[in-house]
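Chemist: The structure's right below; bear with me while I get my questions together.
Numbering (the UniProt record's numbering), first residue to last: 1 to 202.
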């Protein structure tokens, strides 16, 4: 190049082919990171379901075996307390058995969410069904808790006598069943939150 002349050198930018090559690579990395944390959420979902199954089965079985007969009775008259004496406790046993059965049937969908973390269909279905099961679980637990409270404290306005001083073992079992049902309620709340977190758009 002679003195006084302008340079004709042109800087060529990075080729579009290279730029296009970087974009899919970055997208693949982001996709893998999203799949990683969604798979972690799904694994936590599966573990919570196992815990909720144990709690629901414990609630149903403990309530279903709660009965006590006082030692002082005659051939024709005896004092006995059993869960089937109260429709509320019967509803509790049936409801918790349904909840436990649903949780067992939901395990395959939870496994599918682990294998395919980006699949929104199974996660959305679990979210809807978990909400229905939470409603049933909460209603059964709350109804039973009201009866347990009356059994412990009674109600003088309605002449409902406290029976737990006489039927201590019975009251201990039904109280434990109610506590177990509310443990499964807490598990359902976390399950719903995890499902909502997993199906949200990144």
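Think of the CB as a built atom: it goes at the ideal place given N, C-alpha and C, for glycine as much as any other residue.
From this set, 44, 48, 198, 40, which residue's C-alpha is nearest residue 124's C-alpha?
Modeler: The candidate whose alpha carbon is nearest that of residue 124 is 198.
Chemist: Anyone know if the C-beta pair for residue 139 and residue 59 falls short of 8 Å?
Modeler: Their beta carbons are not under 8 Å apart, which means residue 139 does not touch residue 59 by this criterion.
Chemist: Cutting at 7 Å between CB atoms, please list the residues of its own chain near residue 194, excluding the five before and the five after it.
Modeler: Hits under 7 Å: 41, 44, 45.
Chemist: How big is the Cα-Cα spacing for residue 113 and residue 48?
Modeler: Their Cα atoms are separated by approximately 14 Å.
Chemist: Residues in its own chain within less than 6 Å of residue 82 by CB, not counting five upstream and five downstream?
Modeler: Closer than 6 Å at Cβ, skipping near neighbours: 67.
Chemist: Secondary structure at residue 80, three-state DSSP: helix, strand or coil?
Modeler: If DSSP states are grouped into helix, strand and coil, residue 80 belongs with the strands.
Chemist: Do you know whose CA, among 147, 167, 169, lies nearest residue 160's CA?
Modeler: Residue 160 has its Cα closest to that of 147, out of 147, 167, 169.
Chemist: Can you list, in chain order, the residues of its chain whose CB lies under 6 Å from that of residue 92, leaving out five sequence neighbours each side?
Modeler: 63, 140, 144, listed in sequence order.
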